[in-house]
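Heads up: the sequence shown begins at 9 in the numbering used here, then just goes up one per residue.
Glycine is no exception: its CB is placed at the ideal position from the N, C-alpha and C atoms.
None of the values given here were measured: they were computed from a predicted structure.
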Amino acid sequence: MLRLIFFIFVALILYSLLRFFFKSMLSSRKKKDGKQELEELVQDPYCQTYIPRGSALKKRVTGRDYYFCNDKCLKNYVQKEVKNKETKNG
9 MLRLIFFIFV ALILYSLLRF FFKSMLSSRK KKDGKQELEE LVQDPYCQTY IPRGSALKKR
69 VTGRDYYFCN DKCLKNYVQK EVKNKETKNG
């Protein structure tokens, strides 16, 4: 019975330590002075929305990197570019 209590206690301590470790890693980055570091915003070329670079979808189109807010904007933009390319060539 004491072994069971001991293992539960150790498991709770490990759980708390791991939770603290991962929480600190996943939380927003902070500068040395304690202020939150701002993430660069990028503009979706299709819907013109500004989104944080870290959460944007990145796609290389016509040799240039573009950032999109979601799959729908990405697909619509690529289709638009393909259509524009076809009309220029043809």
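Residue j beta carbon less than 8 Å from that of residue i
{"i": "valine 50", "j": "arginine 61", "result": "yes"}
{"i": "phenylalanine 14", "j": "aspartate 52", "result": "no"}
Expected contact under 8 Å - CB spacing of residue i and residue j to nearest Å
{"i": "tyrosine 74", "j": "lysine 67", "result": "6 Å"}
Residues bridged to residue i (per DSSP)
{"i": "proline 60", "result": "Leu49"}
{"i": "phenylalanine 14", "result": "Its beta-bridge partners do not exist; DSSP assigns none."}
{"i": "tyrosine 23", "result": "Looking at the DSSP assignment, tyrosine 23 forms no beta bridge with any residue, so it has no partner."}
{"i": "leucine 82", "result": "The partner list for leucine 82 (beta bridge, DSSP) is empty, contrary to what the question assumes."}
{"i": "phenylalanine 111", "result": "Examination of residue 111 is not possible in this model, given that the chain is present from 9 through 98 alone."}
Spatial distance of residue i from residue j (CA atoms)
{"i": "phenylalanine 17", "j": "lysine 88", "result": "59 Å"}
{"i": "leucine 65", "j": "phenylalanine 30", "result": "24 Å"}
{"i": "arginine 27", "j": "glycine 71", "result": "42 Å"}
Is it true that the stretch 55–74 meets the stretch 9–23, where meeting means three or more beta-carbon pairs spaced less than 8 Å apart? no
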